[in-house]
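Visitor:
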Amino acid sequence: MKDEITSRDDRVANLKGMGCSRKRVEDARFTQGKGNYVDDIKLDGMLFGDFVRSPYAHARIKSVNSEAALKVPGVLAVLTAEDLAPLGLHWMPTLAGDKQMVLADGKVLFQGQEVAFVVAEDRYAAADGIEAVEVEYEELPVIVDPFKSLESDVVLREDTVDENGKATDGAHGPRKHPNHIFTWEVGEKDATEQVIDEADVVATETMYYHRTHPCPLETCGSVASMDKVNGKLTLWGTFQAPHAIRTIVSLISGLEEHNIRVISPDIGGGFGNKVGAYPGYVCSVVASIVTGRPVKWIEDRMDNLMTTAFARDYWMTGKISATKEGKITGLHCNVTADHGGFDACADPTKFPAGFMNICTGSYDIPTAYLAVDGVYTNKAPGGVSYRCSFRVTEAVYFIERMIEVLAIELNMDAAELRRINFIKKDQFPYQSALGWEYDSGDYHTAWDKALKTVDYDGLRAEQAERVEAFKRGETRKIMGIGLSFFTEIVGAGPVKNCDILGLGMFDSCEIRIHPTGSAIARLGTISQGQGHATTFAQILASEIGLPADSITVEEGDTDTAPYGLGTYGSRSTPVAGAATAMAGRKIRAKAQMIAAYLLEVHDDDVEFDVDRFVVKGAPERFKTMKEIAFAAYNQAIPGIEPGLEAVSYYDPPNMTYPFGAYICVMDIDVDTGVTDIRRFYALDDCGTRINPMIIEGQVHGGLTEALAVALGQEIAYDDQGNVKTGTLMDFFLPTAWEVPNYETDHTVTPSPHHPIGAKGVGESPHVGGVPCFSNAVQDAFRPFGLRHTNMPHDHWRIWKTANSLGMHD
Ligand code: PCD
Ligand SMILES: [Cu+]
């Protein structure tokens with residue numbers, strides 16, 4: 001085989017490997033309407049199942065009568081908890097070690113809870129059937145406030161008390177009250193309190209990070225097809241963790257795992273919403289077993305917003321202490337976490353509040369203490385999601401607000417306060433007071449670059465002039481400079497401390513090289529829009545010297561993909577990306593032996609060069625990877641098995657710690673509360689960059705979701721537990737109209753333990769973006785006496801802030 005491309009640069013470019021802004025291969029089908037989503041799956045004789053949902057947030061179910069519903073044309077069956085109980089399927093385990101009702105068992109705990117499952121010939125007949133199911137409810141007192149929940153005599157979950165009404169132990173230890181789920185403590189309480197008591201300066205603040213929802217374009221759904229003849233169940237669904245779903249289905253249904261095939265087809269955005277297991281999945285499976293026909297369940301938008309995994313709902317109280325010069329000495333954080341009716345978070349088992357203990361942020365804080373109390377209320381369960389499944393969003397918001405409040409207390413510039421407290425470059429690997437080992441970072445370089453790019457000093461001078469002009473009555477617009485410096489923690493995780501339901505959080509890649517020098521790689525993760533088919537092929541291209549365009553990446557089918565824990569928590573690049581590189585290296589090692597045999601030299605006398613092995617010192621003697629691939633299938637090589645395949649299961653030694661510096665410049669009209677983002681600068685450091693264009697897309701997406709959450713998006717409840725924002729009329733979803741032009745930038749600080757030095761990036765822009773937008777609003781009002789105000793900063797709330805500060809007088 002002749003090698004047409006000769007220059008080394010051309011050969012590198014031909015691979016479209018690491019660092020190339022390769023166009024996304026998946027977009028050909030997405031932009032032409034040829035994606036294959038769950039709702040695109042249509043099987044012969046397929047039925048549709050849908051839920052009767054509770055209109056009440058807390059009620060006893062006195063009866064469910066399906067008689068009339070069963071007479072509705074097209075309705076085949078109505079499932080209730082009574083039908084599921086004999087199978088032991090009326091409750092299911094949650095990822096947090098709690099259990100959740102699949103269908104209302106005696107009572108309902110939140111509005112929209114699944115009460116009965118109507119199975120019909122199509123969606124319309126199912127809807128008519130739902131109307132005809134008669135449910136008799138007896139309303140019970142509703143608790144939507146977690147603080148009141150902990151004092152209430154109303155026991156929300158009857159399975160949390162013993163016969164004397166005393167709270168039993170939960171999955172994470174003793175519970176203080178029937179409505180209390182867990183207390184999670186990290187750090188040194190006494191030492192921290194002492195440091196704070198003795199400090200020169202202390203700032204205290206309570207903040208509420210409101211409940212919200214990722215609202216992916218595609219709602220959740222599943223299609224179950226039970227083949228009774230062969231005893232095989234196939235389950236398609238919007239699963240971010242298909243293998244884990246297979247294991248859970250096996251454990252709760254009793255079907256053997258090899259008889260279950262779980263397939264995640266294309267997914268229209270996950271954002272953590274599709275990590276957990278939902279009653280719809282279980283009911284579609286049961287209904288398929290009962291009817292012997294495939295059954296589809298697809299949420300509508302209201303179902304999705306009201307009932308599937310929400311995000312946040314954290315009440316956080318902080319105390320931060322410092323010297324007069326601004327050196328931080330201690331941090332104390334108390335959280336009351338509203339988990340709704342069931343604890344269905346997807347945190348690793350040992351971390352009931354996720355990685356909230358990253359709340360010391362990017363700062364060298366010697367002493368710290370965190371306590372989180374999880375509480376049941378009459379709201380939807382979840383807490384899994386939204387561009388950081390593991391509560392890093394909450395942690396970073398908390399510390400970035402505490403820094404701002406401390407700056408006010410010290411009467412100091414907040415950028416400078418950050419600078420003097422950053423962990424220094426030579427302190428990495430850095431051991432944080434709350435137990436993490438930060439792998440690498442260079443915060444000062446990133447911060448200086450950011451401040452310089454936006455002309456920070458110039459902005460502050462302009463802001464000061466604006467304040468004077470406002471006071472003179474010359475303008476009604478004020479200006480805010482939002483700062484945020486974040487450290488993320490992604491890539492769960494080392495199996496030694498991260499598991500979900502006992503499944504260690506490694507990930508995997510399996511590669512098969514075909515004789516003609518093209519390949520297929522299969523991974524344990526699953527893209528929901530991130531572009532894995534593009535980027536993972538790039539990693540391999542550089543590792544094995546075959547063009548990315550000749551490598552198919554496949555994920556999501558448990559019958560073919562190696563076992564993995566799925567995609568969330570920005571873990572795909574840190575974990576599956578590492579497995580991909582390692583599997584590639586195994587391929588390369590075997591290729592080296594084949595090349596040496598073909599070139600008739602010793603193994604050590606050949607070396608890898610871009611897309612070939614060359615004889616050391618004789619570059620004209622080489623075998624390309626394409627030639628080697630062919631030889632692997634057509635030559636009998638002594639001592640070497642035919643074929644060229646490899647698999648790697650990668651257990652990362654640590655997580656990765658991407659970071660970034662964000663700055664937002666915002667103008668606010670105090671009479672209307674309208675915000676106008678003049679500039680948004682985002683510097684991200686995710687270590688080695690695989691695909692700069694995909695990274696930029698990730699940053700744009702994450703920032704837009706950050707804008708949404710900071711400036712208006714919310715799942716709000718009234719005191720009767722009614723969801724007030726259950727449709728897109730009231731739930732803020734930003735469009736191109738609200739979104740500013742983002743300026744992106746980067747530094748590169750590789751992860752020292754990741755095989756290619758890459759860290760995750762998908763979550764970062766959200767984690768760093770929310771505090772940045774929020775700080776911009778709060779900074780605008782700082783000169784007028786504001787210390788802290790809660791998100792979301794919609795126009796009405798901003799107007800109220802201005803009003804309360806006397807700015808309308
Ligand atoms: N250094 C670096 C890193 C990274 N990358 C790229 O980027 C992406 C991303 O990545 P990451 O970071 O690793 O991540 P992942 O794992 O893959 O993913 C996940 C994430 O992702 C994000 N993004 C996105 N996008 C889209 N489109 N869609 C979606 O859904 C989503 N989601 C979101 C979320 S929310 Mo969670 O679940 O809450 O936890 S988490 C999350 C991919 O493609 C990769 O490859 C590169 O290139 N480089
Ligand atoms: Cu995260």
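Counted the way the working numbering counts, the sequence shown spans residues 1 to 809. Heads up, the beta-carbon is just placed ideally off N, CA and C, and yes, glycines get one too. Given the structure is predicted, the values throughout are model-derived calculations rather than measurements.
What's the C-alpha gap between Ala-579 and Thr-525?
Guide: Ala-579 and Thr-525: Cα-Cα distance of roughly 11 Å.
Visitor: Report the option in Cys-509, Lys-319, Arg-571 and Pro-755 whose CA atom is closest to the CA atom of Ile-196.
Guide: Closest option to Ile-196, Cα to Cα, is Lys-319.
Visitor: What are the partner residues of Cys-664, as DSSP defines its beta bridges?
Guide: BP columns for Cys-664 point to Gly-482 and Phe-680.
Visitor: Beta-carbon separation of Gly-187 and Leu-434 under 9 Å?
Guide: Cβ distance < 9 Å, so Gly-187 and Leu-434 count as in contact.
Visitor: Would you call the segment 646-663 and the segment 492-507 touching, i.e. three or more CB-CB distances under 8 Å?
Guide: Contact holds: three or more Cβ-Cβ distances are below 8 Å.
Visitor: For the beta strand (DSSP E) holding His-795, just list the boundary residues, first then last.
Guide: Taken as a continuous stretch (DSSP letters only), His-795 belongs to no beta strand (DSSP E), being part of the alpha helix (DSSP H) at 795-804.
Visitor: Pick from Gly-165, Val-142, Gly-374 and Arg-123: whose alpha carbon is nearest that of Asn-722?
Guide: Closest by alpha carbon: Val-142.
Visitor: If you measure between the beta carbons of Cys-664 and Phe-773, is that distance less than 9 Å?
Guide: Yes; because the gap between Cβ atoms is below 9 Å, this pair is in contact.
Visitor: Taking C-alpha atoms, which residue in Val-767, Ile-798 and Trp-796 lies nearest to Ser-385?
Guide: Checked all of Val-767, Ile-798 and Trp-796; the closest Cα to Ser-385 is Val-767.
Visitor: Three or more beta-carbon pairs under 8 Å between the segment 43-63 and the segment 112-121, yes or no?
Guide: Touching, yes.
Visitor: Assign Met-92 to one of three DSSP states: helix, strand, or coil.
Guide: Here Met-92 sits in strand by DSSP.
Visitor: Within the same chain, show all residues whose beta-carbon is closer than 7 Å to that of Ala-710, passing over the 5 residues directly before and after it, in chain order.
Guide: Closer than 7 Å at the Cβ level, and outside the excluded window around Ala-710, lie Val-770, Phe-773, Ser-774, Met-791, Pro-792 and His-793.
Visitor: Less than 9 Å separating the beta-carbons of Gly-173 and Tyr-124?
Guide: It is not a contact, given that the beta carbons lie outside the stated cut-off.
Visitor: With respect to 8 Å, is the separation between the Cβ of Pro-73 and the closest non-hydrogen atom of ligand 1 below this value?
Guide: No, the Cβ of Pro-73 stays beyond 8 Å of every heavy atom of ligand 1.
Visitor: Mapping the DSSP letters down to three states, classify Thr-789 as helix, strand or coil.
Guide: Correct three-state label for Thr-789: coil.
Visitor: Pull up the distance between the alpha-carbon of Leu-140 and that of Val-154, whole angstroms please.
Guide: Their backbone Cα atoms lie some 9 Å apart in a straight line.
Visitor: Give me the Cα-Cα distance between Gly-531 and Val-38, rounded to the nearest whole angstrom.
Guide: Straight-line Cα distance between these residues: approximately 18 Å.
Visitor: What do you reckon, are the CB atoms on Ala-548 and Ala-541 nearer than 9 Å?
Guide: Closer than 9 Å, so yes.
Visitor: Using alpha carbons as the reference points, say which of Met-693, Asp-718 and Ala-706 lies closest to Glu-763.
Guide: Among Met-693, Asp-718 and Ala-706, the Cα nearest to that of Glu-763 is on Ala-706.
Visitor: Can at least three beta-carbon pairs, one atom from the segment 319-335 and one from the segment 364-372, be found at a separation below 8 Å?
Guide: Yes, since at least three Cβ pairs between the segment 319-335 and the segment 364-372 fall closer than 8 Å, the two stretches touch.
Visitor: With Arg-60 and Gly-106 assumed to form a contact (beta carbons below 8 Å), what rounded beta-carbon distance in angstroms separates them?
Guide: Arg-60 to Gly-106, Cβ: 7 Å. Contact.
Visitor: If we call anything under 9 Å between Cβ atoms a contact, is Asn-179 one with Tyr-376?
Guide: It is a contact, given that the beta carbons lie within the stated cut-off.
Visitor: Find the nearest neighbour of Phe-271 within the set Ala-241, Pro-658 and Ile-756, judged by alpha-carbon distance.
Guide: Per the Cα distances, Ala-241.
Visitor: In whole angstroms, what separates the C-alpha of Tyr-563 from that of Leu-233?
Guide: Rounded to the nearest angstrom, the two C-alpha atoms are 18 Å apart.
Visitor: Just to check, is the beta-carbon of Ala-96 closer than 8 Å to a non-hydrogen atom of ligand 1?
Guide: Flag unset: Cβ of Ala-96 not near ligand 1.
Visitor: Counting only the same chain and skipping the five closest in sequence on each side, list residues whose C-beta sits under 7 Å from that of Met-302.
Guide: Cβ neighbours of Met-302 beyond the five flanking positions: Gly-726 and Thr-727.
Visitor: Say whether the segment 641-648 touches the segment 426-444, bearing in mind that this needs 3 or more beta-carbon pairs closer than 8 Å, one atom from each stretch.
Guide: In short, these stretches do not touch, since the Cβ pair count stays below three.
Visitor: Check whether the Cβ atoms of Ala-309 and Ala-96 sit closer than 9 Å, and answer yes or no.
Guide: No, Cβ-Cβ distance for Ala-309 and Ala-96 is not below 9 Å.
Visitor: Please return the same chain residues whose Cβ sits closer than 8 Å to the Cβ of Val-68, not counting the five positions on each side in sequence.
Guide: Per the sequence shown, residue 68 should be read as Ala rather than Val. So the list reads Ala-132, Val-133 and Glu-134, once near-sequence residues are dropped.
Visitor: State yes or no: is the C-beta of Thr-534 nearer than 8 Å to some heavy atom of ligand 1?
Guide: Correct: Thr-534 has its Cβ closer than 8 Å to ligand 1.
Visitor: For the segment 403-467, list the alpha helix (DSSP H) runs that are entirely contained and at least 4 residues long, ordered along the chain.
Guide: Fully enclosed alpha helix (DSSP H) runs of 4 or longer: 414-421 and 443-454.
Visitor: Within 8 Å: the Cβ of Glu-763 and any heavy atom of ligand 3?
Guide: By its list of ligands, the structure shown excludes ligand 3, since it contains just ligand 1 and ligand 2.
Visitor: Rounded to a whole number of angstroms, what is the C-alpha to C-alpha distance between Gly-354 and Gly-129?
Guide: If I take the Cα positions, the gap works out to 40 Å.
Visitor: From Ile-520, Arg-571, Ser-550 and Gln-528, pick the residue whose C-alpha is nearest to that of Ile-489; which is it?
Guide: Of the candidates Ile-520, Arg-571, Ser-550 and Gln-528, the one whose C-alpha sits nearest the C-alpha of Ile-489 is Arg-571.
Visitor: Hey, would you say the C-beta of Cys-509 is under 8 Å away from at least one heavy atom of ligand 1?
Guide: No.
Visitor: Look up Leu-47 in the DSSP assignment and say whether it is helix, strand or coil.
Guide: Strand.
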